[in-house]
Structures are given as structure tokens and as C-alpha cells.
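Report on the structure given below.
Number of protein chains: 4
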Amino acid sequence: MANRENLAARGQQKIEWIRRKMPVLQSISREWEAKKPLLGFTIGACLHISAKTANLARTLQDGGAQVVLCASNPLSTQEDVAAALNEIYGIKTFARRGEDRDSFYRNIHAVLEHRPQITIDDGADLVSTLHSQRPELLKNVLGGTEETTTGVIRLKAMAEDNALKYPIIAVNDAQTKHLFDNRYGTGQSALDGILRATNYLLAGSNFVVVGYGWCGRGIAARARGMGAKVTVVEVDPVRALEATMDGFMVCSLKEAAAKADFIVTATGNINVVDAKHLELLKDGAILCNAGHFNVEINLKALAEKSSSITTVKENIEEYKLHSGKKVFVIGEGRLVNLAAGEGHPAEVMDMSFANQALAVAWLIQEGKDLENRVYPVPEKLDKKIARLKLKSMGIQIDKMTAEQVKYLHSWQTGT
Amino acid sequence: MANRENLAARGQQKIEWIRRKMPVLQSISREWEAKKPLLGFTIGACLHISAKTANLARTLQDGGAQVVLCASNPLSTQEDVAAALNEIYGIKTFARRGEDRDSFYRNIHAVLEHRPQITIDDGADLVSTLHSQRPELLKNVLGGTEETTTGVIRLKAMAEDNALKYPIIAVNDAQTKHLFDNRYGTGQSALDGILRATNYLLAGSNFVVVGYGWCGRGIAARARGMGAKVTVVEVDPVRALEATMDGFMVCSLKEAAAKADFIVTATGNINVVDAKHLELLKDGAILCNAGHFNVEINLKALAEKSSSITTVKENIEEYKLHSGKKVFVIGEGRLVNLAAGEGHPAEVMDMSFANQALAVAWLIQEGKDLENRVYPVPEKLDKKIARLKLKSMGIQIDKMTAEQVKYLHSWQTGT
Amino acid sequence: MANRENLAARGQQKIEWIRRKMPVLQSISREWEAKKPLLGFTIGACLHISAKTANLARTLQDGGAQVVLCASNPLSTQEDVAAALNEIYGIKTFARRGEDRDSFYRNIHAVLEHRPQITIDDGADLVSTLHSQRPELLKNVLGGTEETTTGVIRLKAMAEDNALKYPIIAVNDAQTKHLFDNRYGTGQSALDGILRATNYLLAGSNFVVVGYGWCGRGIAARARGMGAKVTVVEVDPVRALEATMDGFMVCSLKEAAAKADFIVTATGNINVVDAKHLELLKDGAILCNAGHFNVEINLKALAEKSSSITTVKENIEEYKLHSGKKVFVIGEGRLVNLAAGEGHPAEVMDMSFANQALAVAWLIQEGKDLENRVYPVPEKLDKKIARLKLKSMGIQIDKMTAEQVKYLHSWQTGT
Amino acid sequence: MANRENLAARGQQKIEWIRRKMPVLQSISREWEAKKPLLGFTIGACLHISAKTANLARTLQDGGAQVVLCASNPLSTQEDVAAALNEIYGIKTFARRGEDRDSFYRNIHAVLEHRPQITIDDGADLVSTLHSQRPELLKNVLGGTEETTTGVIRLKAMAEDNALKYPIIAVNDAQTKHLFDNRYGTGQSALDGILRATNYLLAGSNFVVVGYGWCGRGIAARARGMGAKVTVVEVDPVRALEATMDGFMVCSLKEAAAKADFIVTATGNINVVDAKHLELLKDGAILCNAGHFNVEINLKALAEKSSSITTVKENIEEYKLHSGKKVFVIGEGRLVNLAAGEGHPAEVMDMSFANQALAVAWLIQEGKDLENRVYPVPEKLDKKIARLKLKSMGIQIDKMTAEQVKYLHSWQTGT
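Chains as they are written, first to last, in our numbering: chain L, 1 to 415; chain F, 416 to 830; chain W, 831 to 1245; chain C, 1246 to 1660.
Encoded structure:
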């Protein structure tokens, strides 16, 4: 009993600590506490059960909604946060860390039992269970939102097959989400994860970033900022050229591998570090992944080339190659910022989740005539979030004058 | 006579110097010298008559074309380059520096007299004269290309009115053009122009960049690279937030003006530095513009607030305000990299002009069925240019494996 | 029993992990294993009992010495490392984490019992106990080394009073120590500590570094590298000017405090963040210290101005000011990289400890005629370490030609 | 006549433009205009006759001195500045651009004719002529100052031989000189010179800096800031290691040469780029020097390996190697920031020359009891200059509290 209380108290502490750096959600809460724009609505959300998500749930609650939560991934559930949500914040949360598949789906069903009018998803599991197993509930639903690329792809496929029965807002594509979370969020947290796992010096090291998308750019910039000598590997020639002009060395992974102290993958593709690269690695090379799935490093090939695999430190496994060289893998090739760190900083999730909150309100207020397909976040919400964020940082920006608006408009229309 | 020869020789020297840093055009030339893909075609081009343009013309000539040139702007014509083109390279060039309006249009007509089958434009003056005054020649024309945003806007308006009588490739929108020329080209050359004009120390200075588009990003990054304390001013909240997270100070121009040692505008908008800012400037502030038109600094307002205007140094005018403070403007508010420097480095124009060359060849080979509207540069040309550029830099990049192509494809199609 | 074994095994794992990044010590070990230059000598060392120190001890042992260890600070002792040293590596280690004052001195005496001919100190406690309480053992001692500034100051004072009875090498002053550990070691590990404690986003934050010595420079550079907007506070005008020209904002702490998201002190001075600054802080400001002693933030003043002090997270205390604002202090103002992180990366200690090892060997081989005072590390040792380190990184550098040596020499002698 | 007037007017314009960025000299002038601390003294100065020097002379004049100038190098004399000094500012200036050796020494004698009580030198020519040819004037002289390393070395040699007959202040060694002019002055102006000469793109280029002293550090930092991929070459292992940890590639010049687009020498040594490197260079490599003397690139070896040498552009010579490769040298291997640029920015010379001015005043006020040797600039002058500079930039810094001074003092004295 005492333990249980402690658990909830600890969760509350976490939620409050994180809230300090979620000023956009805070300011939406303040705005909503009077107006209650979500009053009378039940929102079912299937998300990572973390302190950041808890703060989204609180803001939705502040807007008047009844919020019911389940976990989008059983491994990421923070038990203390779940306890706090249930026992302190009055937000029903069906999630247990490490629960099995049955329990996972039971919890999704438990959320659906509450007959949500809005769904929030991170991977489309809630939408998909609702459509396939509880179609009778679809008539209650006004719309939904989706956090990830993966989910958006699934939902667009459903829409194309006319299988999607209500409109979805693709939060992932908002500027205030995708322009920020990868570059600044992953950029910092991937390095943070690497440092927590290794405590090795980055200054002067040969640091290879595979992939120069938003994540790769963030990681490369931050690694350089820590004094590393950064090499970028890319398959797209335009991006490779950008990396070069940004001052990074660019070459093939085979060439880079021979000198690498660290290799971080961020490509979204499979077997990026593959059998052919493994023999080339230096003794002591550190491998890790900052892409979404743990497929970027070919661990199977690595295991086959190894005479032993040993955990030498929390989150670090040593592969002893037949050649005698040792290669180290952080967090089994899973997202290094989650496996060895604490994921995205709150400031970045603040903007992503503010998109969730505003998208939900927009669905309620202006979503009546939407078709059953996937929509982008309306630009005005996106800009509003950027403005709230700037304000929370004490930053004031200019507005265009009437003269300037006119000039630009005349220009864009070509008159 | 001797002088004339010297002029051409000097022009040749310039052209050859620049050619060294146009390896993509060089490699297209090498490829074309055997195949002559442009053989039998006459190309009329209305461009800045500079050493960079001369190298585009030579590559087109290497491809077998007859090339005829006139100037897109009478002020930018380099007399020695024109002489070399006419007398050494056998490329007819109708252009005189500082020519008047009549002469300018006579030269356009002189080009049209050669009945070009392809037009290359930088601002759409050639296309527009051809359509309005020599419509009988339109039947010869296979297609054209356009270098600038301005031209593209004019041509799209024509297409919308069904007034455009042949297809146009918008070279401006190619990735290997717009991702590079502003960030890296303007980034460097704007600072270069400022240093040539002032010889002032950037390290430790308060350097304000107005506008955080591609140009502004390039300038801000380079100014920081020179040790300046950089402040970014933006009206778009998302861009303002990016600037902040990129580590720049962000505030209103009023707030920034009071501390600024340098203010550089790069917004594409009018009166960005306006009457209301002028009184706030520090004594000794330097103003300049890196945007396309000389409208960004309100010089009229500045003149009205000044008791005297004096040229204190080549390219620098001192405005003595009624308050006694002195403010300095570089190059009368025209593009600082052209007014006080030498414009974009050749490496950047190499890619832009390689797009021109490949777009011309593509029009000839695959342009038969195009409609009379504005097309983007085909992606394969864009990638080819990036690949040639990387190769010229001795940089090798990886290719996706069949397995990776398949994985990515399966992913993108959502199966 | 099983636990005890596990403890030693875990210590060994740590020691081996760290050894990978101590290549200079490794190469000294390889060189010494054949020659045994320390054979027959007993070395008494009073150092932090960590995996890094363990590797110094192993190298001394590889050189033939008998090594006996005690702790220079009871709080920093790693029990598992001590167990491994005693049980696996055969290095007698007298240290217990959190031991009291009596036990601390008993352990120093236990080391002295072994009649060391060389002492290694980190704060001069071993030297000082030896001189004051066991003067009869002084005759055995050939010389000693000292790791820290603090110790060096104490020992120089002793030398001045003719109280020092054997020569000391001040390892702290070697170039390969002080030029590296503060800038690169503290630079990285202070940020690492802050991220582990807060998980807050540095990009776009207002980050204030107080002090622009070697530590401050390292921290400021790395914070900028993570995207923070960095302000430097200094009392020395020359350093303040350097910080400005390095592109940092520079102002008084009062001015900086009002905007700060993070304040890190690295001055070596007292009450740097003082009562007068506390009221000015923003709600939510994070305070921490990267200077040697926990005197830089005036915690007493902070407590007096607070209505409550709460631990809100591991290593973070919230001070609720009477004004209602909350201010957070990491690790009670102790060195943030030790309080919330793992201290200097191994690579940095590798160079410091290589200086220790080579200084010990040099004392034995060439120390016969030294006077009883404090000496710098001979330059040739310093350069040797730099060369070994470069070699371990696979970096080859040039040598001056005979012609160049002559030119430089003629120049320096003014002929 | 009209021409002559124009010449002086143009010189005045230059002097006034530069004065704007010499705020420390300005503030010394303001302080001195009332007090006239130099009244009655004649100062003979042998310096580069440039707008920056003119402003030093004006400040000395404002202090009450009679100032007489001659040139320290006939090639650097700016005729318009000399004319303005003579005709507008009433400062006698004996200097003609490109004057021959006889005229050069006649001008030194012309200065000596005025019986200076203080000498200011840049290379010790004035002191040396005075001692060797006009010893009868030595009795008038109170002391002198010296600007450069070269001069300081000569003067120290004289002092050692007891040949120096009055005290000299070595301005070169002041912190506010040597910590700033090389890193920030040469750092910027070397790049500026390269851009003016080549107009080539630095972003993405392979940029090699030979020497990682103050100059080399400045150049490397700025080249990186412009997007170049920077490699550092060093013979000192400690500096090589610093360069590595600062994130630069480090290798031998042979290895670096094969990839270099630009090589800049800044070593103070001879034949740094030597015969053995020339064959390794890439076709099109650009060579230049930022060290004091034009001995760093072995131009003789380069000429021997070349079939032709052609000036292809102002300040650029093409060496066509027998292998067919072409290599380009900027400004004949002389200091690139002077050969192709305008030398150090005024802001940097402001601090150097403020040291000159304050050293002169200090000699007059406190120099009575100095011995005939070379002295450093007193620390209080150095700090005063830093403080004045910060003030001119609007930057306020903190002062230590009494408590802090006491703490630091107790610490440093070891009590």
C-alpha cells in the first residue's frame, strides 16, 4: 500500500518536473480552463505512457474532456506515471510495463469501452482495432489524430481502400513537429544516450553518421559541436553534397568504417551496417542506431561473425569477431536515445503534443465536414504553436506591415 | 587594336580561371564532345554576360549547338568576357556594358534574328519579346529554360493565360540550384562583399540578419563562423523558432537595431529596414542588403532623416542623421555580393548552369510531347548533377542495395 | 561470498572497459613489461579509487613496482574497483566508500607501512601525513608526484618553508594534462552531467557560463555546440574580450541572470552566484557548478531566501523563493560532472595518468640529484605522451627538417 | 596641385573611416586632450604608413607630443595617408611608396634630426640607426617601444651585449596585442585575402592549415566557419593533439597535400611547403602564406619543377608543373592578408596601438628608473586597454567582491 502510494507520488514528481518544460501545453491549459472547448467529449488515446504523455492528457482534461489512455508500446510504459495518472490526476490509464500481447489488446479494448468520440494514436493500433473489431462504435467517432509516420502510412492506405471511416489529422507532418523533434530532439538525445552508455570522449573522435535526413543532420551537428571529426554517409547525392558543403567529410561506409570510433545510423532503412562493413571496423568501434526500428545494424550478421557476445556494461554488448577484434553495440541496436537515454527532451514533445491538443479541439470545432481521409494539421495551428513557444521563451518577433503583405502578395500573384 | 586584343585576352583569362571551378560543366562538355547531342540546334540565351555564363555557352557549343548571347542586365556585362566570346570562342555575343534601353532591346532582337530553337532566359525578357514582337518565329521553338524566380513567376502567369506558346523548364527550382546557391553562394559572397567594402572585424560584432530563408540561413551561419554574435529577425514564427534552436538570438528588429554593428536584409520584402528603425540605430551602424531587389532598406526614409549623404569610401555612403548619428549603407542597398563583391562563386553557378545545359539537352531529346507550360527540372538530371559534382570533388558515395530498395519501397507503399 | 566475487568481477569489467580508452597507459605498459624500470620499488598512492586509477596502478605494476593504494576522498571510492584491485589484480587497496575520518587516516597509514620509495598524491595528504607523523620513513623516499593544483600549492608552501624533504613532480602543470582535462574533459562531462540530471533541451536555451578559464572555455564551446545561446561572465577584462571575439555574449551576471535557463560556474572563486543574483533569476532557472569546490553558488543565501527546499528528482533540489519563483540546483553545487555524471572521460585521464607513470619512472632514473622542491614534468615526457596519444589515434604528424630546425634556432637566437 | 589636394583628401577619408573602429585610441585621445601628458615631448616613429598608424600619430599628438614619422617598410606606405598627415594633420611624415634604400635611410635620419625623446619602432630600424650612426642623440632619449617579434629579438640581443642605451617596452608581448591580432585579425584577414584573390567557394573545400599557433588557430577556426573541411598540419605533438580535440583532421603534409584545395602556411618556418610536397598536389591546388616572411612556400623548388609560370589573375600565379598539373600561388607567397587584402582590421590595430600610446605615456611618467633593457607592457595598461575596448563595445563586466579577492588571495598564497 505504502509502495503503491510512493509509486504514484514518484510519478507525480516526474510529471511535474516535465511540465515545467512544456509551456505550450501549459498555455493551452490556461486558455482552456475557462472555455472548456472539449467539454462532454471522451478522448481515447493509445500513446507511450510517459510523463510527457501525462501532460498532454492533463491539458485535454483541462479542456473539459474525459481522457482514457492505453499504451502504444508495452515496453515504454512508466509504471509510476501510470499510477499517478490513475490515482492522482483521475485519468484512467490501462497499461502495465512489459504486459503481454493479450493484456496489450485487452487494454485497447478497455479504452474503446469508454466510447471515445476522438482517438489519438501512435502507430494506428487504436484506430485499427476499432475498425476491425468494434465497428459498431465507429458512429460515435468524430475524428482522430496520428503521431507517427508509420501510423500515417497505415491510415493513408486504409483511406485509399475506402476502409477509413472517420477523418484523421496527421500530427506528424506539422512543421512544429517534424522540423524540430528530429533535428533538435534526436540530435541532443542520441548523443546523450551515447555518453550515458560509454562515457567516452567525443572530442577528437572519428564519428560517422549514416543518413543525412533530419535526424542525421541533428546528430552530425551536435557531434561536431562536441568536438568530434564527423563523417557523413549518404546514398542520395544531393544530400551528400549538402553534407559536404556543411563542412562534413563524406564518403562510402566502407571507407568510413575503417577509421570510425562511433557509427550512428539514422536512415530508416535495413542492414545499413551490414556484413561487408563488419570486417573493416576498427577494434573497439562503437555501433548504435538512432532510426526508428532496430533493423539498421545487421546484428544477425554481426553475431555470425563473432565468437562471443558479452554484456560488458549496462546497455553495451561486446561482439568478439573471429579476427579477434571487438566491436560494441549500444542498446541492441534499438533507438539509442530511448535504449540508453530518456528519449526526446520535454521541450520537443511539448510542440508535438500541442499539435495533438489543438488538432483535437479543431476536429471538434471545425471537423464536421471533413471527409474520411488523412488531413495535415491546419497551418494556423502550426503557427500558433510556434508563437506560443516563442512567447514562453520570452522571444518577440516582428509582424509584416500592411505594405509588406501587399508587396509580397502582388509579387506572388505575378502582377 | 592592341587594346581590343588585350580585352579579349583578359576575358579569356577570366573565363579559364572560372572554368577550373566549373567541373560539372566540364564533364558535360567531355561527354558531349563526342556525341554532339545539340548538333544542328541554335540556342538563344539572354543571361548576365560574365565568365560563368561564358562557360555555359562553351559547354552548349561543345554539345554541337550554335549559341547566340545577349545581356539580361546591361549593368552586369563584362566587356572583356564579351570580347573573348566574340573573338576567341566564336560565340556571337550582343552586349555592351551600360547600354541604353534601345540598344538592350536591339540586342535581344539580334539574338532572335538567329531563329533559336531553344531559349535560355534570366528574367523572361527573351521569351517575352519573342512572344510579343516576333510571334512568327515561335513555330521554330522547341522549348526554353528560365533561371530565376522572377522569370518563373512571369512565365507561369503567361501559361495560365494560355499565352505561353512553348514549354519552359524552371531551372530555378532544381534542388542542385536552390538548395546551394543561396545558402552556400550568398552565405559566402555576402560576407565577402561586406569585408571588401568595410574591412571591419566581424569577430565580436553584433551582426543582425533579417530573414531566415535560405539566404538568411547561409549568411547567419557564415557570420557566426567568423566570430560574430548573430541575431536573426523573422516574421514567420516557425522560422524564428528554428533560428533560436540553431543557437541564434532572435528578436524584433527594433530591439536588434539598437545594438547592431551590421544589419543585412535577406527577406524578399520591401522596407524591411524602415523609418521606425533608423532612429534606433547605433552611431556607425552598417546597413546592407542580400535580397534580390534594392527595396529592402528604405533609402528614401533614410535620406529624409539625414542632413547629408557622403560617399566616404568606394561602395559606402554615410548618412548623417539629424540626431548627429552616422549610418553607413553599402552599395546603395543593392545586392551586397554583387555591388561590393564578385557575386556567387563559380562552384555554385556550375551547378545552376549544369541544370541549364542538361535541361536544354533534355528538351531536345525528350521534350517533344510537353505541353506549353512550366515544368520542373526532371529529378534524374538533378541527381546526375549532384553525382558529377561529388565525383569532381573526389567523393564517393554508397548505393542502396537491392534489399534496401525493396525495404524502402514496401515501406512507402505501406504493405 | 558470491556477492563479494560479483563485486570484484563487476569492478574488473569496469576497469577493462575504461582501459580500452587509455591507450597511452597501455603502450607504456607494453614498453615496460620487458624492461621493468620500476622493479624493486614500492609506490604508495593516495588517489580517487576509480577504474581510471586502477589502470594507472596496473601500468605501474607492469613496470615492476609494488603498488599500494588508499583513497584521496572517501566519497569517490568505487567499492567494486577496490575489490577487483585487491582480489583480481593483486594491488593492495585500502579504501572503503564513505569511510569516516579515522578510517581514512588509518588507510593512509596502512599505505605508509609499506615504506613507499615513491609517493603519488592527489591533494598532498599522503606527503603531509608522511612528513608530520612518520618522519622516520622519509629517508626511504626518492620523490613523489602530485596531481592537483591544491596539492601543488600546499607542497610549494612546504618547500618554501624548507619543510619538504623530497622532490615532487607537479603533474598538474604538464601540457598534456592541464591543456586537455579542463577544456575537453570538463567541457564534455559538465554538459553530460547537466543532461543526465535534467534531460532538458539545450538548443535555444540561454546558457550562462561564469568564468572563461580553461573549464569555462570548454563548457561554453560545448554548450554552443549543442545549440545553446551562450553568455559568458568574467571579471578579467582580457578574458572577457576573448570571449566576445569568440562570438559569445558577455555581460555582468546580474544582466545575464534575468534571462538564464542554465547557469554554470567555473571560476575557482567563492559565492559567484550570490544573494544579489538570486532575486533576478527566472522562474525555473537551473544552477550548477563545474569548479573544484562547492563554494561557487552561495547555497546558504539561497536557502535563506527560500520558503522550502525539496528534492524533485535525483540530484536536483528545488528552492522555492519567497517570491514564489522556483530555482533548481544540481548536485548541491558540487562538481556537476561528478555529482550527476561519471567525471572526466577515460581518454583525458589517460594523459594525466601517463604523466604520473612517466614522472615516477623519471624520478627513479634521473631523480637522484633533484633538490627538495616542486618540479615541472620534463618537457620530453610531455611530448612523448602527446606522441603516444596521437599514435593511438592513428594520427601521423610531420617532423621538422634539419634545415627548419636550424632556421628556427638561428631566429630564436637573434643571429 | 589639384591632384595633390585630392590625394590628401583621400587620405583623410581613409583615416577617418578607420578611426571609427579605433575606439580605444579615441578614448585615450579624449582623456589626453585636457591633460596633455606628452606635452613637450618629441616622438619619432618608424612604422607602416597606413591609416591605422595615422590614428596612433593623431592620438599621440592629442596628448601634446610632436610626432615625426618615417616608414618601416617602403612597400607598405600609403601615399594618400602620408599626404594627409603632412598637409591636413600637421604630422611630419617622411615616406614615399616604393622608395629606394637610400631614400629609406634618409627618411630615418630626417626623423632623428628632430631629436626624439621617445622612439616607436616596428623592426628596430630606428633604434638601430640611432645607436650606430647618431649616438650623440642618445642622451636625449627617455625610452622606446617596439611593435614586432623581430624587433624585440634584435633589441634583446642588443641588451644582452650591453649595447642598448635606453629602455624599450615590448608592445608585441602585451596580452591585448598578441592574443588578439593573430587569432582574430589574421584569422579573418587571411580568409579575406584568399577570397579576394580567388573568389572560390570555401564551403566543402579541403582546406589545409600548416601550423597551429595563434595564427593557424584563427585561420582554421574561420575556414571551418565558412564551411571548409579543415586539416591541420603540425610538428608539435601537443598542438597537434589540441587541433584534433578541437575537431580538426590532423595528418602529415604529404597526406594532406594530395587532397588539398587550399594550403595556407602559418608556421614562422622555412620551406614548409617543399619540393617533396609539390608532386603530390592536386591539379588546381591554391597555395598561400599567412606567416610573417615569404619563406614558408619554397617558390624556388616550385619554379624548378615548372615548365611555365604565368600570372593568370591579379595576385595569382600559375605554376605549370612538368607533370602537367597546375598549381596556383597567391601574392608570391607573401603574407596573403597584405598581398591580396588590406591587412589586419582596424579593431585589432586599435588595441596594439593603444598599447603603443599608453606605453609611451608610461615611459614619460614612470620610466625614469628603468634599466636599459626590454620590458613587458605593464599589466595595468594591458587591462586598461581591454576595459576601454569592452566599454566601446557597450559591454559591462563584473568586478570581484572584497570577499572574493580575499578568498583568491588566501588560496594563491596557500594559507
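Positions of the beta carbon are idealized from the N, C-alpha and C atoms, including for glycine.
The criterion of a C-beta distance shorter than 9 angstroms is satisfied by residue 1094 (chain W) and residue 1024 (chain W).
Inter-residue distance for residue 27 (chain L) and residue 388 (chain L) is about 8 angstroms (C-alpha atoms, whole angstroms).
At a beta-carbon threshold of 7 angstroms, the residues of chain L lying near residue 1491 (chain C) are 227, ordered along the chain. Using a Cβ-Cβ cut-off of 9 angstroms, residue 579 (chain F) does not count as an interface residue toward chain L, since no Cβ of chain L sits closer than that to its own. The beta carbons of residue 1514 (chain C) and residue 1220 (chain W) sit no closer together than 9 angstroms. Residue state for residue 666 (chain F) is assigned as coil, using DSSP reduced to three classes.
Cβ neighbours of residue 945 (chain W) within its own chain (closer than 8 angstroms, five residues either side excluded): 872, 967 and 970. For the stretch 199-226 of chain L, the residues whose beta carbon sits under 8 angstroms from a beta carbon of chain W are, in order, 199, 200, 201, 202, 203, 204, 221, 222, 224, 225 and 226. For residue 67 (chain L) and residue 91 (chain L), the gap between their C-alpha atoms comes out near 6 angstroms.
Taking C-beta separations shorter than 7 angstroms and ignoring five residues to either side along the sequence, the partners of residue 782 (chain F) in its chain run 557, 558 and 582, following chain order. The Cβ atoms of residue 1000 (chain W) and residue 1190 (chain W) do not sit closer than 9 angstroms to each other. Contact between residue 186 (chain L) and residue 219 (chain L) holds: CB atoms are separated by about 7 angstroms, below the 8 angstroms threshold. No Cβ-Cβ contact shorter than 9 angstroms links residue 722 (chain F) with residue 733 (chain F). Under the criterion of beta carbons closer than 8 angstroms, residue 669 (chain F) and residue 696 (chain F) do not qualify as touching, at roughly 11 angstroms. Against chain W, a Cβ distance below 8 angstroms from residue 1497 (chain C) picks out 1226, 1227 and 1228.
For the pair of segments examined, the stretch 589-608 of chain F was found to touch the stretch 746-758 of chain F: the number of CB pairs separated by less than 8 angstroms reaches three.
By the Cβ test, the stretch 1144-1159 of chain W is not in contact with the stretch 1003-1010 of chain W, since fewer than three Cβ pairs between them sit closer than 8 angstroms. Distance check between residue 237 (chain L) and each of L:227, L:228, L:211 and L:259 places L:211 closest, using alpha-carbon atoms only. Between residue 1225 (chain W) and residue 867 (chain W), the CB-CB gap reaches or exceeds 9 angstroms. With fewer than 16 other Cβ atoms from the protein chains shown falling within 10 Å of its own Cβ, residue 1520 (chain C) counts as exposed.
Residue 1562 (chain C) carries a strand assignment under DSSP once its states are collapsed to helix, strand and coil. Partner residues in the beta bridge of residue 701 (chain F), as assigned by DSSP, are F:677 and F:743. Excluding the 5 residues flanking it on each side, residue 410 (chain L) has no same chain C-beta neighbour closer than 7 angstroms. Annotated three-state conformation of residue 617 (chain F) is coil, per DSSP. Listed along chain W is no residue with a C-beta nearer than 8 angstroms to that of residue 1280 (chain C); the closest approach is about 23 angstroms.
For residue 847 (chain W), the chain L residues whose Cβ falls inside 7 angstroms of its Cβ are 312 and 313, in order along the chain. Here the stretch 945-954 of chain W does not lie against the stretch 925-937 of chain W, with fewer than 3 beta-carbon pairs under 8 angstroms apart. Among the bridge pairs identified by DSSP, residue 170 (chain L) is matched with L:146 and L:376. Residue environment analysis places residue 1467 (chain C) among the buried positions, since at least 16 neighbouring C-beta atoms fall within 10 angstroms of its C-beta. For the pair residue 1125 (chain W) and residue 1473 (chain C), the Cα-to-Cα distance works out to about 43 angstroms.
Residue 896 (chain W) is bridged by DSSP to W:872.
With a threshold of 9 angstroms between beta carbons, residue 1217 (chain W) makes contact with chain C. With respect to chain W, the C-beta atom of residue 1628 (chain C) has a partner C-beta closer than 9 angstroms. Between residue 56 (chain L) and residue 356 (chain L), the CB-CB gap stays under 9 angstroms. Residue 1605 (chain C) has a beta carbon lying at 9 angstroms or more from every beta carbon in chain W. Closer than 9 angstroms to the CB of residue 932 (chain W) there is not a single CB belonging to chain C.
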